[in-house]
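S.K.: Here you go, one structure.
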Amino acid sequence: MHQALYRSFRPETFEGLLGQEHIIKILRNQIRNGTVGHAYLFCGTRGTGKTTTARILAKGVNCTAPRDDRPCGVCENCIAIRDGVFLDVIEIDAASHNGVENIRELRESVKYPPVAGRCKVYIIDEVHMLSTGAFNALLKTLEEPPANVMFILATTEPQKLPATVLSRCLRLDFHRVPEKQLLAGMREICKSLDVKISDGALGIIAANGDGSVRDSLSILDQCIAGGDKEVSREDVIKILGTSGEEVFIQLTDMMDQGRVADGLLLLDQLLSEGVEVKQLMKDWIAHYRNLMMTKFVRHPEDLLNVSEENVERIREQSMRIDLSAINEAILQLARTLTEARWSTQPRILLELCMVRLASGDDPGCLPEVSITRPAGGKSQKKERTKKTEPTEKEDKPEQTESGAEVAVEESPEETPDLEQIWRKVVEEGESEKASLSLLRRGGRLVDIRDGCFRLELANDMAVRYAKDNADYLKKLMKKYTGKKLEMDCCLADRNSKVQEKQTAEEIASLVGNGLNITVEVK
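Residue numbering for the sequence shown follows our numbering, beginning at 899 and increasing consecutively.
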């Protein structure tokens, strides 16, 4: 049976580990000086080498080679540990052995001395899965184990471990492996397998591995499983269900030019070809990140995992798009990707996000948008608020019987819906700052004119709160009005309150008469 690459190329000594130099240095010095501890805690994300390092450390304390060369990987004990038949190295999966009874059995077995080696090593994987009772049963043994007994605990979630366990272990944190080291390691593996693979293909694999050696090797295993001795960048893109950089350059141009229909049709084409929605969003975010990097870095070739031709195309596109648009796109796509993880319809969420990016505003106003592409190259979006068109009669000045012309006042622009704008501002503000509900209960938007919006607030506390959060309120108002406005606050007029109360009393009277009840307004 075929053995997965991450198993067949698992490192047997410290030299083969990728990206954990700080941990290798500590463990080597302890083995060389004979100062190995009795309890270790290996923390880190998946695929960074926790279990592999635990086995190498177990070899190091039981290797028969000279102390400076441990572990050698070729002695009898090292080979037995590699094959999983060494009696003094016990691996326990805490996910399936998480009860108090399992820990009691461990405590009983700890009493017996090593059989074949110098040290008995217990490797407990996913230790955070142990129950509270199991942790309590392990504490005393973990703190003062018998001589020649070592515990190595491995976990991806150290925050779930009790502080009493953390304080009894030497904690070592495993970092994500840099892409350069992943590239070098996979290139050596491909060379040993006589597989030709391009640097572009390896770059995509390393980027999707997200710092995990196991994930990267699993993707590489998929790519070479077809039996081809040559793997291209296009092959990796097809296997991962993603798209090339050219597609994202097209999509980004469409969003910048406001071509909603073209963008949605291109998305439909990509999905019909088998592209995965969430992977598409991840790669599109990465493209916008490339645009941002190109704006600030003069030679971004080392930062962008794309071909030289696409670097030039990205640089050209970055010059056309404002930084604010790039920032907004990254935030919108990241928010949509988060929501898509819990949704059964991620495609609809992405389509809505594209509508927002192309319209540059609330998609609820989209039917009133007319988007044109001028000769200059930059997109222009017409005003969303409909303006009253003057009729032919209104255009001409009226004349009296004597022939004198009388000027006719031009009809003003349609006033914005202040109540709707304020409701949207407060609703979005409350989603980030719950305290903004103070303005919902005690304030209203009364006017927008002369580059300023005016708030009428019920009390001094609401006024102070609005002034303290002025920048945030101005940002929200700009989003929903499309204009950069200053803020003005005032206390609500007492007379208006009296008038409101009188109106409320009239309504209460009508309701009371209709229902034959008494309604009081306080």
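Note that CB positions come from ideal geometry on N, CA and C, so glycine has one too.
1) Use the C-beta contact count for M1048: other C-beta atoms within 10 angstroms, 16 or more gives buried, fewer gives exposed.
2) Ends of the beta strand (DSSP E) at G1341?
3) What are the partner residues of E1384, as DSSP defines its beta bridges?
4) Would you kindly work out how many angstroms separate the C-alpha atoms of N1000 and V1158, rounded to a whole number?
5) Give the C-beta separation of V1025 and L1059 to the nearest angstrom, bearing in mind that I take them to be a contact with Cβ-Cβ under 8 Å.
6) Quick one, which of L1389, L1355, A1390, D1369 has its alpha-carbon nearest K1382's?
7) Skipping 5 residues on each side, what residues in its chain have a beta carbon closer than 8 Å to that of K1395?
8) Assess, as a yes-or-no matter, whether the stretch 927-935 is touched by the stretch 965-979 under the definition of 3 or more beta carbon pairs within less than 8 Å.
9) Sort out for me which residues DSSP pairs A1364 with in a bridge.
10) Taking one C-beta from the stretch 1098-1117 and one from the stretch 1077-1085 each time, how about it: are there three or more such pairs within less than 8 Å?
11) Rank I1021, D981, A978, F984 by C-alpha distance to the C-alpha of H995 and give the top, closest one.
12) Using 8 Å as the cut-off, can you tell me whether the stretch 1181-1201 makes contact with the stretch 1211-1228, which would need three or more C-beta pairs spanning the two stretches below that distance?
13) If you count every other CB in all the chains shown that lies within 10 Å of the CB of Y1010, and 16 or more means buried, which is it?
14) What number of angstroms, rounded off, separates the C-alpha of S1029 from the C-alpha of A1035?
15) Thinking just about the alpha-carbon of each residue, which of F907, D1348, Q1177, A937 is nearest to the one in T950?
16) For the ligand MG, is there a heavy atom less than 8 Å away from the beta-carbon of K1089?
17) Which residue marks the beginning of the alpha helix (DSSP H) containing T1053, and which one marks its end?
18) For a test of the three-state rule: what should DSSP assign to I1095, helix, strand or coil?
19) Taking three-plus beta-carbon pairs below 8 Å as touching, is the stretch 1119-1131 in contact with the stretch 1158-1173?
20) Determine the DSSP secondary structure at I1001, reduced to helix, strand or coil.
21) By Cβ distance below 6 Å, which residues in the same chain neighbour D1386 in space, the five residues on each side in sequence not counted?
22) Identify, in the order they occur along the chain, each residue of the same chain with its Cβ nearer than 7 Å to the Cβ of P1044, setting aside the five sequence neighbours on each side.
23) According to DSSP, what are the bridge partners of R1069?
24) Which one or two residues does DSSP pair with L1389 in a beta bridge?
25) Short check: CB of I1117 to CB of I1212, under 9 Å?
26) In or out: P964 buried (at least 16 other Cβ within 10 Å) or exposed?
27) How would you label S1329, buried or exposed, when you count the other beta carbons within 10 angstroms and need 16 or more for buried?
28) Can you look up I1021 in the DSSP assignment and give me helix, strand or coil?
29) Is the Cβ-Cβ distance between G945 and D1071 less than 9 Å?
30) For L1389, which residues of its own chain have a beta-carbon under 8 Å away from its beta-carbon, when the five flanking residues on both sides are left out?
31) To which residues of the same chain is D991 closer than 6 Å at the C-beta, ignoring the five residues directly before and after it?
32) Between A937 and I1095, is the Cβ-Cβ spacing less than 9 Å?
33) State the DSSP-derived secondary structure class of V1145, mapped to helix, strand or coil.
34) Which value, in whole angstroms, describes the spacing of the CA atoms of I954 and M1027?
35) Under a three-way DSSP split, which group does D1113 fall into?
36) Alpha carbon to alpha carbon, how far is L1040 from A902? Give it in angstroms, no decimals.
M.R.: Taking the geometry as given:
1) buried
2) 1341-1347
3) C1350
4) 60 Å
5) 7 Å
6) D1369
7) Bear in mind that the predicted position of K1395 carries a pLDDT of just 47, short of 50, making it too unreliable to give a figure here.
8) yes
9) In DSSP, A1364 forms no bridge with anything.
10) yes
11) I1021
12) yes
13) exposed
14) 10 Å
15) F907
16) Absence of the ligand MG is noted for the structure shown, with no ligands found whatsoever.
17) Careful: T1053 lies outside any alpha helix (DSSP H), inside the beta strand (DSSP E) at 1047-1053.
18) strand
19) no
20) helix
21) C1350, R1352
22) V1008, K1009
23) L939
24) L1355
25) no
26) exposed
27) exposed
28) strand
29) no
30) E1354, L1355, A1356, N1357, D1358, V1361
31) D1023
32) no
33) helix
34) 23 Å
35) helix
36) 34 Å
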